[in-house]
Structures are given as C-alpha cells and as structure tokens.
Amino acid sequence: MRPSSPSPEPDDARAVRERIIGLGSGSARKSYYPQLKEKIRDLEAKQLELMDTVRTLEERESELERLVDEKEALLKEVHHRVKNNFQVIGSLLNLGLGLAGSNEEAAAFAKTKRRIDTMAMVYGQLLAAESFAELELCSLVRNVVNALFYEAELRDVELSYDLSCLDLHLSVERAIPLALILAEAASNALEHAFPTGGGKLAVRLGFANDAPGTIRLAVEDDGPGPRSGGLPEPDSSLGLTLIEALAAQLKALWRYERRGEGPGLRFVLELRP
Amino acid sequence: MEDPFVALRKFVAPEFIFGRGAMARCAEYAATFGASRPLIVSDEGVAAAGWAGRVEAQLQDAGADFARFYDVSPNPRDAEVMAGAELFLRERCDMIVAVGGGSPMDCAKGIGAVATNGGHVLDFEGVDNVPQPMPPLVCVPTTAGTAADLSQFAIILDLARRTKIAIISKGMVPDISLSDPETTVTMDAELSAETGMDALTHAFEAYASNASSPVTDLHALEAVRLIAASLPLAVERPDDLAARSRMMMGSLLAGLAFSNASLGVVHAMAHAMGGLLDLPHGLCNALLLEHAVAFNCPAAPERYAALGEVLLGRPLTGAPADEIAGVVGEGLAELRRRLGLGERVQIEPLSRRAVSDLAAMALADPCVVTNPRRPEASEIEALYAAVLPVA
Ligand SMILES: [Fe+2]
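Chains as they are written, first to last, in our numbering: chain H, 1 to 273; chain G, 274 to 664.
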C-alpha cells in the first residue's frame, strides 16, 4: 500500500492542473504525423543500409568469381606441366630404349614408357575435360585400352567393349591406379593371349550383380592361357606385383580366372564403393 | 480569479457519432483507419448481451479479419491490460475496437498505450505520461456513464497495491465514439443506476472543478438537466429508448466536460475505495457525491447553486452556502433512494488505519487537484466514514 502522503503542494497541484486541461507542454492531442515521419526516415535509412549490403555482397561475389577463375587457370597450368613432364620422361625413356644393350633391357624400358604414357593420358583426359577433380570412368577405360591396342598392331584381334556404367566418375587419386592396373592387364593379354595374331579381346565394366555398389572391370581374352597351366600369381612378374600394390592402394580385389566356356583368361578387378 | 472568458483554454474532444444505428459504422471506421486486423476488446457480460457479437458480425460482413480479447474484469486490472497488449502484438493487430462500459474501454486504452510504447501499463500513471499515441481506437459504449469513449482518462486497477491508477493523457482520447443508445437497453436496473450516477457525478465535478471553463460549463449543466430528467425513467422503464438516448447524451456531454475540466474529490476517493474493495465505480460515486457537495459547497456556493437549480428546477442563486448544500444534498439523496442504491457500503467495518490509507491514496490521485476545496487527510477520512463502516 502507498505510504501516507500529505495533500499535494499547491504549486504541484497547479502544474498537474495545467497539464490536465491541456496547457502544459507536450499535452497536444495525439498525432501520428511525427511518428510517421520518423518511421519513414527509419525505413529510408534501412533501405540505404540494405542497398549498401547488396552492393558489398555483389562486389564480394565478383571477387570470389575472379579468385575461382584464377585458381582454375593455375590448376590447369599445373596439370599441363605434369602432362608435359610425363612427355619429357617418355622422351627420355625413348632415348634409353634406343641405347638399350639387350632385348630384355629394351623391353623393360618399353614397359616403363608404356606406364608413363598411361599416366600422361590420364592427365590428358583431365585437361581435355577441363574438370580437374574427377574423370569419367568409361572414357578412361576406352582411352587406356585403345592406346595399347593400336600400339600392339594386332590387326586380326577383335576388340569389344561392354561398358554399362554411364556417368560414373572417379577422383584423380583413384583414376591413376585404376588406369595403370587396366593397362597392365590389357598389356598382359595383348602380349601373351594371341600367339597366332588373332582372337578376341573383350573389356567389360559394370556394377557387380552380387555386390551392390561394387564396380567390376574385366579384361578377357580367348587365348590358350598360361603355358604353365596355372593362373598368374601376384609375385610372378613386375606387372602383377604392380597390380597387387595398386589394387591395395584402391582397396580393390583382383584375380585371374578361367573363362567358363572354351579357352581364355579373364582378369577381374572389383572396386568397392 | 481571472475572467473565465479571458483565460487561455483548450477543449479536446474526439469525433463522435451519436444516435440509433451509430454502432453499424464500426466496419466503415476500421476501413477509414486502414486497419487490416482490429482487436475487439469487450467483456463477458457485453458479449452475453450480444453487442460484441454484433460488432464481430459487422467486421466479418466487411471482410475484416479480427482478434478478440474478452477477459476484462468489472474493474480492469493491470495484468489484463498486459495480456491484451500481448495478444494485440502477437496477433499483429493494428486497431482496437472497444465494445462495452468503462471497463473494456479503459482496458482498451491501456492495451493501446502498451502496444505502441512497450513497458508496463502502470508506467503511464499520471498526467501526460504516454509518449507515443496508441493505435486507432474506436469505442462503442454500451453504458451511459463512464464516457471513457470521449475522455482522456483511463482508470486501471493496480492489483498489487489494490488501488486504481489514473492515466490522463491527450493520447488516451479515442479516435471516435459510436454512441448508440440502443446498446444501453440491455443494462439491468442496478447497472443503469450506477453508471447513470457516474455520469451525474462527472457533470457535478466538472462544473465545480477549479479548471472549469465556459465550454465545459455548457456541457456539464446540460448533462445534469438530461440526467436528472431521464435517469429514473431509464431505470424504471429499461426499454424506453427516449430516456435511454437522453441518458446517453447526458453521459456524452458530461464526458466532454470532465475530460477538459477534470474531476474532484469524489472521483479521487472513488478510485481509492473502488480499488481496495473492488466496488462498482458508479456506486462509490453515488454514495459519496452528496457528502462531497456538503464539503465543497462553502468553497464554490454559486457553482452548486447553479447545479442545484438545474437538478431540482428551483432557484438557489444567492442563497447561503449551507442552505444550497442542504438542498442540493437532499435532492441527490432523494435521487439515490429512488434508484435503489442504498445509503452506505455493506461490508465488514474497516480499521482506522485502512481508512487513513484510503485517504492518503485519494489525496495522491490527480483528480484531487481540481477539487474546488483542498481537502485535508482528516476531512477525507470523515467523508469516507459517511459511506463506509469504520471500526
Ligand atoms: Fe467516473
């Protein structure tokens, strides 16, 4: 409860009375106009502020676009240089090939050069696609096998593709080992499976029916198979050692198997998602 | 004293539409004020009488969306105002339509002040303490008494202190009053009598106020004439639209008078007493008025003589102050008895301490500053003792 207070002082009372009857300062009848003006001023200020923000954002966006362009150009330049370096290494190996003392030495140079060429091709595809993060898998497979096939000059061998993985992309880190593995498998077949100079070479790519998400890559020939009668083992050559190491890097499984019907050998690589 | 015709004065009044059918203009004014979502403030009694529903239907027919706040007590409480303001803001309302007597209208004024100014409704206590004007306020009065639809006053019950606070500000004047006498026919005899005596007290106090002016005098005296002639009829024949209309006009004129000349000790005391005891405002006034006349008359006998002449229709000018006080007081008592309002408040006796607290609160009320005679605390206590049992 309010404490007892004496009746208001006459002066105070006079002031209160003045205000009640509307003659005190600030006792005007209500008007919206000053508030409206103030509100409009506020809104105008806010609008200017927003326009400023939009301008800043636009500037920042074009700055970011410029930066992205610059980065892309730099990346392209780097890939170019990598590709050029591979070509230089290829030339050096060619030189070594010419100077090789024995057939064995020459063959070693040739194989190394082929591996370098495969890597250079991956970078070539990267540059052609102008996308530096990922590679389209089907074109990669075709490019790798085609290059080896035409170099082998086996005119009577029929090459076929069964690639059913449209729009499948791999990062550069995974594309290079995969390309190298494929190149080893295809080279093996081209080198050993067609002693008569004729036959069939098939490359298949697709999702495994029995393991969802797993990509299965197969290279199969209809040749006589290994002379020893067994299947190629990981440690039996540098090529297979390389496949073993690269597959481990990809956490992929690989194997050689006999084709179910007739002669021939099938190389299978299974890449889990 | 300065010549009242020379003295600098101002007269503040809202727009008003008076007469049968005034209420139907509600939707039109919602559109005029550009409102897209009015808040209807009313109370259960007015809703039960159908008047709030009538306003809702009109807004609905006009395609206006609205929200409603009907949780208003007979003496509107600060917490109710805050709840209403919260609803107003939450529902994104942009106008208030108050439908009812003084309670919903005062509550609506508080809601409006809080909606634009923020803070608590009790922060606006006193004179000219509402800085920003409230949203457009349309009032549809359904009693003939409080004139909150015309005045710059809003009276809110401060529940913690158990007293009524007065918010007096030009910003509390509504934008328009739609005074439709038909809405008053649903009042029962008691409510008609109490609100009518409130209106009569407004006219008396405004006329006797030391802030009266020629314009307020004009309204106050005509109000007394209309109320004296029509109040008993309106109470005795509730459906008499002629009497109801005269009462409503009397209330309107008294409202214009007191909003500009302010009030006096009766309202100061009624605010304190109504707050503490949760009594009807009009009843407090009806019981106190004749005693206040006796107290004030020596300070302004010619004013009370003029009031008495209009009230009783017999000459009093020039008579001695005590005779004027006696005649006018007896006339008021007779009216009170005819209206069946009793002599005193029937409650358990109050302690002397409680009465002195009441007197202190009455003395702190802004209405006391315009009373023709400056009362001492002991004089206020004596006036209370005339209407309240004291232990
Ligand atoms: Fe009143």
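Glycine residues also receive a C-beta, built at the ideal position from the N, C-alpha and C atoms.
T419/G has its Cβ nearer than 8 Å to a heavy atom of ligand 1. The alpha-carbon separation between F284/G and S482/G amounts to approximately 15 Å. Rounded to the nearest angstrom, the gap between the Cα atoms of L608/G and R310/G is 44 Å. For D471/G, the shortest C-beta to heavy atom distance toward ligand 1 is below 8 Å. In this structure G375/G is not in contact with I429/G, their Cβ atoms being roughly 11 Å apart against a cut-off of 8 Å.
Short note on L536/G: C-beta closer than 8 Å to some heavy atom of ligand 1.
Using a Cβ-Cβ cut-off of 7 Å, V400/G is close to V16, R19, I20 of chain H, given in chain order. Distances between the C-beta of A635/G and the heavy atoms of ligand 1 are all 8 Å or more.
Here the C-alpha atom of V372/G lies approximately 30 Å from the C-alpha atom of T643/G. Look at L74/H: its C-beta is not under 9 Å from any C-beta on chain G. Annotated as proximal: L126/H and H79/H, with beta-carbon spacing under 9 Å. A distance below 8 Å between beta-carbons, with the five flanking residues on each side excluded, links A303/G to the following residues of its chain, in chain order: P311, L332, A335, A337, M368, V370, V411.
Contact check for A635/G against A545/G passes: the beta carbons are separated by less than 9 Å. Contact check for S532/G against F397/G fails: the beta carbons are separated by 9 Å or more. Separation of P195/H and E184/H (C-alpha to C-alpha, rounded to the nearest whole angstrom) is 18 Å. Contacts with chain G at 9 Å (Cβ-Cβ) include D12/H.
Proximity of the stretch 106 to 117 of chain H to the stretch 65 to 74 of chain H falls short of the contact definition, fewer than three beta-carbon pairs being nearer than 8 Å.
Burial state of T118/H is buried, judged by a 10 Å Cβ sphere holding 16 or more other Cβ atoms. When beta bridges are read from the DSSP output, S503/G appears opposite no residue. Against chain G, the CB of L170/H has no partner CB under 9 Å away; the residue lies outside that interface.
Inter-residue distance for G96/H and P263/H is about 38 Å (C-alpha atoms, whole angstroms).
At least one heavy atom of ligand 1 lies closer than 8 Å to the C-beta of H475/G. In this structure, H554/G has its beta carbon less than 8 Å from a heavy atom of ligand 1. For N483/G, the CB stays at least 8 Å from every heavy atom of ligand 1. Each of V538/G, A476/G, E364/G was checked against the Cα of A501/G, and the nearest Cα belongs to A476/G.
Distance check between K83/H and each of V54/H, G101/H, V122/H places V122/H closest, using alpha-carbon atoms only.
Within the same chain, V122, L135, L140 come within 7 Å of A175/H by CB-CB distance, once the 5 residues on both sides are set aside.
Residue-level contact check: P406/G touches chain H, since one or more beta carbons of chain H fall below 9 Å from its beta carbon. For the 9 Å CB-CB criterion, G292/G and D471/G do not form a contact. Straight-line spacing of the CA atoms in T389/G and D401/G works out to 15 Å.
Contact between the stretch 500 to 516 of chain G and the stretch 597 to 615 of chain G is established, with three or more Cβ pairs separated by less than 8 Å.
For I620/G, no Cβ of chain H is located within less than 9 Å of the residue's own Cβ.
Taking each of L163/H, A128/H, A152/H, E153/H in turn and checking the Cα distance to R142/H, the smallest one comes out for L163/H.
Contacts between L23/H and chain G, judged by CB atoms closer than 7 Å, involve L281, K283 in chain order. Assignment of H393/G by DSSP, reduced to helix, strand and coil, places it in the coil class.
Put simply, the CB of Q35/H is near chain G, with a gap under 9 Å to one of its CB atoms.
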